[in-house]
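One structure is given here, and the rest of the page talks about it.
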Amino acid sequence: MKGNIKSEEILIDLAQKGDDEAKAELIKKYQNLIFRAAYRLCDFDREAAMDLTQETFLKFLTELENFQKRASLSTWLYRIMVREFLKERRKANLFRKFVKKIRATDGGFHNALEPSQLGALLHKEAQHKILKAMEKLSDKQKLIVKLKVFQGLKIKEIAEILGIKEGTVKVHLFRGLKLLRNQLSDWAEENG
Amino acid sequence: MGEKCAYLEKVILLILEEDLRDMEDVLNHIKICPVCSREKKVLSSLISKLREHSEPQPLTLSEFTHITSLIKTHPKKSKRSVQNFSIFKPILAFAIVILLLLGTLLLMNRGPKPSLVNLTPEDKEVIEKLDLLRELNTLEKLVNIAHQVPEKRSQRTILRRFTVFRSNFEYKGRNNFHV
Chain F
-9 MKGNIKSEEI
1 LIDLAQKGDD
11 EAKAELIKKY
21 QNLIFRAAYR
31 LCDFDREAAM
41 DLTQETFLKF
51 LTELENFQKR
61 ASLSTWLYRI
71 MVREFLKERR
81 KANLFRKFVK
91 KIRATDGGFH
101 NALEPSQLGA
111 LLHKEAQHKI
121 LKAMEKLSDK
131 QKLIVKLKVF
141 QGLKIKEIAE
151 ILGIKEGTVK
161 VHLFRGLKLL
171 RNQLSDWAEE
181 NG
Chain X
731 MGEKCAYLEK
741 VILLILEEDL
751 RDMEDVLNHI
761 KICPVCSREK
771 KVLSSLISKL
781 REHSEPQPLT
791 LSEFTHITSL
801 IKTHPKKSKR
811 SVQNFSIFKP
821 ILAFAIVILL
831 LLGTLLLMNR
841 GPKPSLVNLT
851 PEDKEVIEKL
861 DLLRELNTLE
871 KLVNIAHQVP
881 EKRSQRTILR
891 RFTVFRSNFE
901 YKGRNNFHV
């Protein structure tokens, strides 16, 4: 583990000096992690998650020189991803307001193609349920629940990523979780 | 979360964070508290379901290649000019210092600006009577032309002195002083 951290530090140093191989190595290392988080943030829209992953790494490359290693690289990447996600969402909201197009509740599922037909259907239904329940949450609660419950980040990490206090994270998390629990507890128990 | 228990928040944190300082206390409490025990069961199941259904299929090789290829083809922010500047910055600074030194040396070698204080009384007299001498010179030339009389020796001497003084003065002053 210590060796990994050390080798990562070396990779970061090399990448900051412009080493393309080190950059590629870091992208390869974190691509899946960021993609999984992006998929959850983008309401299970695979295509959007790929775009967000790509945007995150493009920003990572352009801002790499400014990375001062105060936080871990993963936290920094999450921060970039959340920032890009919120930026994209603002743009999408503006666009939606402009054309008065109402987003369908099952948005995003058309891209989630799963290998088995039955499995895919059940998976889609579950995702539909989750998204429906998530609609009751505020934007901040959604974001924190996605990062904490779906992605499994630590409360401290989320506070760092969003630039807020741990206490604030907990408040939003408990409220969001309470809303989800009220709507999904039956489903969770019958499937559990 | 309908029924209340003082430990409920800690129970949720235990499920979410999985490492608490007083974890032993909370776990012991869950064993004896039906509210917290049920809450732990429901929440654990819910969280596990949420994680399971929010997990994407791993990126396929083509998707992975697609993302990385787009990243690779992305035009990088050109830092070349800035880098070059940073490399040449000390050289540029050194060149500027050298130029400034050379400039200072050249200025010092120009010599002092001719001052009227250092002039001899004769030179001063010439300067004071400069206009008069000019007029005299013109008048003399006119008279010479009219009468075809040769120049007087004394006037010629004064004029020669004036001419010599003027050329010397101009040379020293390097055009700073024009008579």
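Those sequence lines, one after another, are chains F and X.
For reference, each letter of the first sequence is one residue, going -9 to 182 in the working numbering.
For reference, each letter of the second sequence is one residue, going 731 to 909 in the working numbering.
Glycine residues also receive a C-beta, built at the ideal position from the N, C-alpha and C atoms.
Around the beta carbon of Glu53(F), fewer than 16 other beta carbons sit within 10 angstroms, so the residue counts as exposed. Secondary structure at Ala61(F): coil, using DSSP grouped into helix, strand and coil. Annotation for Thr868(X): the continuous alpha helix (DSSP H) segment containing it runs 860 to 877. Taking the beta carbon of Thr790(X) as reference, no residue of chain F falls within 7 Å; the closest one sits roughly 10 Å away.
In the DSSP annotation of this structure, the continuous segment of the alpha helix (DSSP H) that includes Asn758(X) starts and ends at 753 to 762.
Note on geometry: alpha-carbon atoms of Cys735(X) and Ser784(X) lie some 30 Å from one another. Our two residues, Met40(F) and Ile70(F), have alpha carbons roughly 15 Å apart in a direct line. In terms of beta-carbon proximity, Leu170(F) lines the interface with chain X, with at least one pair separated by less than 8 Å. DSSP, reduced to helix, strand and coil, places Ala123(F) within a helical segment of the structure shown. Contact of Asn83(F) with chain X is not assigned, every C-beta pair being separated by 8 Å or more.
Within 9 Å of the CB of Leu167(F), the CB atoms of chain X belong to Met731, Ile742, Leu746, Leu773, Leu776, Ile777, in sequence order along the chain.
A direct Cα-to-Cα measurement between Ala82(F) and Glu125(F) gives close to 17 Å. Cβ contact annotation for Gly166(F) (same chain, cutoff 6 Å, sequence separation greater than five): Leu127, Gln131, Val135, in chain order.
Scanning its chain for C-beta atoms nearer than 8 Å, with the 5 sequence neighbours on each side dropped, one finds around Ser767(X) the residues Ile760, Lys761, in chain order.
The region 145 to 154 of chain F and the region 171 to 181 of chain F do not touch, with fewer than 3 CB-CB distances between them shorter than 8 Å. For Arg840(X), there is no enclosing alpha helix (DSSP H), as DSSP marks it with neither H nor E. Contact between Gln141(F) and Ala27(F) holds: CB atoms are separated by about 5 Å, below the 8 Å threshold. Interface criterion met: the Cβ of Pro786(X) is under 8 Å from a Cβ in chain F. A contact is defined here as three or more CB-CB pairs under 8 Å, and the region 17 to 25 of chain F meets this definition with respect to the region 40 to 50 of chain F. In chain order, Phe57 place their CB closer than 7 Å to the CB of Trp66(F), counting only its own chain and leaving out the 5 sequence neighbours on each side.
Contact of Thr795(X) with chain F is not assigned, every C-beta pair being separated by 8 Å or more.
Contact between Ala123(F) and Leu174(F) holds, since their C-beta atoms are separated by about 5 Å, short of 8 Å. Here the alpha carbons of Leu4(F) and Ser774(X) stand approximately 42 Å from one another. Contact annotation: Lys144(F) and Glu747(X) have beta-carbon atoms nearer than 8 Å.
Assigned with DSSP and collapsed to three states, Phe34(F) falls in coil, not helix or strand.
For Lys144(F), the chain X residues whose C-beta falls within less than 8 Å of its own C-beta are Glu747, listed in chain order. With respect to the 8 Å criterion, Ile17(F) and Lys59(F) are not classified as neighbours on the basis of their beta carbons. Shortest Cα-Cα distance from Leu48(F) to any of Asn172(F), Ala38(F), Lys13(F) involves Lys13(F). For Asn56(F), the nearest beta carbon of chain X is not closer than 8 Å to its own beta carbon. Identification of chain X residues near Tyr29(F) by a Cβ-Cβ cut-off of 7 Å yields Pro786, ordered along the chain. Contact with chain F is found for Arg781(X), since one of that chain's Cβ atoms lies less than 8 Å from the residue's Cβ. Residues of chain F whose Cβ lies closer than 9 Å to the Cβ of Glu739(X) are, in chain order, Lys160, Phe164. In the DSSP annotation of this structure, the continuous segment of the alpha helix (DSSP H) that includes Leu743(X) starts and ends at 738 to 747.
If you compare the alpha carbons of Val772(X), Thr790(X), Val765(X) with that of Arg36(F), the shortest gap goes to Thr790(X).
Excluding the 5 residues flanking it on each side, Ile777(X) has no same chain C-beta neighbour closer than 6 Å. For Glu147(F), the enclosing alpha helix (DSSP H) has its first and last residue at 145 to 152.
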